[in-house]
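Sequences listed follow chains A and B, in order.
Just so it is clear: in the first sequence, position 104 is 104 by the numbering used here, and no numbers are missing.
Just so it is clear: in the second sequence, position 37 is 222 by the numbering used here, and no numbers are missing.
From the three backbone atoms N, C-alpha and C, an ideal C-beta is built for every residue, glycine too.
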Amino acid sequence: MSPRAAWRLETLGFTNIYDYVAGKADWFAAGLPRAGKLASIPRAGDVARRDDVSCQLTDRISDIINQVRAAGKDTCIVTTDGNVVLGRVRIGAVAGGGEATVNATVNATVEEVMDSGPTTARADTLLESILERLSARNVDSILITTSDGRLVGTLYRSDAEARLSEGRAEESKTSIEESCCCCKD
Amino acid sequence: MPTSIAREEVQRLIRDEGGLLIEVLPVAEYQDEHIDGAINIPLKGLGPESTSGLDKARPLIVY
């Protein structure tokens, strides 16, 4: 529809016209602001934490270990320059082996030790749906990305549960207030 | 000729050039959910009257 609209605007005398071909699905999938009746339904991007430590394929484990630990994390997300997710390095796993394993690994590059192609979810996925997946697989967190694979953040199961509980509590309170003719503010 | 653009350029046009987003889908879809700040002019109703209030110098971004 938008290409036709763009051309129609041109016939109406407008000259500064752009067509956002990927549309609002792309916008929402990037976790960007939305409005409307359904906008308040929580999505993965609303709750994902945006404080991941990222690293690149050619970084050495020895260079990133301290950075990851200083951030209070145990994982580094491997991305391209453009922030596209490639993999994940769990520092705990790196440091958990015997001395020989640790020594060999700290000298390795991120590319040599990373878990490639981690499971991700889009930022516009319904929070309830993601929580079902995490619970079914007994997984504590999942990476959230845009539709073009760029990192948005990490969604933790505990955060998702807390947000959905808040939402239910709010709905319940509203429902009680609406049905109570005697309630006062 | 209209220019096709990606998300980052949409953000730049809005931020730096006062671009206006226009959703051209039907009203019900717009009301369900739309990009924050976008107005709605459904394609079926796009004409001289519905666009008379738009600034011809302002970047218009349709989706």
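In the structure shown, what three-state DSSP assignment does residue i receive?
| i | result |
| --- | --- |
| residue 91 of chain A | helix |
| residue 153 of chain B | Since the first residue shown for chain B is 186 and the last is 248, residue 153 of chain B is missing from the structure and cannot be characterised. |
| residue 250 of chain B | A query on residue 250 of chain B cannot be resolved here, the shown segment of chain B reaching from 186 to 248 and no further. |
| residue 110 of chain A | helix |
| residue 30 of chain A | coil |
| residue 44 of chain A | helix |
| residue 22 of chain A | coil |
| residue 59 of chain A | coil |
| residue 35 of chain A | strand |
| residue 231 of chain B | coil |
| residue 201 of chain B | helix |
| residue 86 of chain A | strand |
| residue 115 of chain A | strand |
| residue 71 of chain A | coil |
| residue 159 of chain A | helix |
In this structure, what does DSSP give as the bridge partners for residue i?
| i | result |
| --- | --- |
| residue 53 of chain A | A/76 |
| residue 143 of chain A | A/120, A/154 |
| residue 207 of chain B | B/224, B/247 |
| residue 240 of chain B | None; residue 240 of chain B has no bridge partner. |
| residue 17 of chain A | B/245 |
Should residue i go down as buried or exposed, given a rule of 16 or more other Cβ atoms within 10 Å for buried?
| i | result |
| --- | --- |
| residue 209 of chain B | buried |
| residue 2 of chain A | buried |
| residue 234 of chain B | exposed |
| residue 38 of chain A | exposed |
| residue 126 of chain A | exposed |
| residue 24 of chain A | buried |
| residue 75 of chain A | buried |
| residue 10 of chain A | exposed |
| residue 212 of chain B | exposed |
| residue 13 of chain A | exposed |
Between which two residues does the beta strand (DSSP E) holding residue i run?
| i | result |
| --- | --- |
| residue 188 of chain B | 188-190 |
Mind checking which residues open and close the alpha helix (DSSP H) that includes residue i?
| i | result |
| --- | --- |
| residue 11 of chain A | 2-11 |
| residue 148 of chain A | Residue 148 of chain A -> no alpha helix (DSSP H), and no H or E assigned at all. |
| residue 217 of chain B | 212-217 |
| residue 131 of chain A | 127-137 |
Worksheet item: Closer than 8 Å, Cβ to any Cβ of chain A: which residues of the stretch 200-220 of chain B, in chain order?
Response: Within the stretch 200-220 of chain B, the residues whose Cβ lies closer than 8 Å to some Cβ of chain A are 204, 206, 207, 208, 209, 210, 215, 216, 217, 218, 219, 220, listed in chain order.
Practice prompt. Please name the residues in the stretch 2-20 of chain A whose beta-carbon is closer than 9 Å to at least one beta-carbon of chain B, in chain order.
Written response: 2, 3, 4, 5, 6, 7, 8, 9, 10, 12, 13, 14, 15, 16, 17, 18, 19, 20
Discussion item. By the 7 Å beta-carbon criterion, what residues does the stretch 21-34 of chain A contribute toward chain B?
Written reply: Of all residues in the stretch 21-34 of chain A, 21, 22, 23, 24, 26, 27, 30, 33, 34 have a Cβ within less than 7 Å of some Cβ in chain B.
Item to complete: Please name the residues in the stretch 34-65 of chain A whose beta-carbon is closer than 7 Å to at least one beta-carbon of chain B, in chain order.
Response: 34, 35, 36, 37, 38, 39
Item to complete: Could you run through the stretch 219-238 of chain B and flag, in chain order, every residue whose CB is less than 7 Å away from some CB of chain A?
Response: 219, 220, 221, 228, 231, 233, 236
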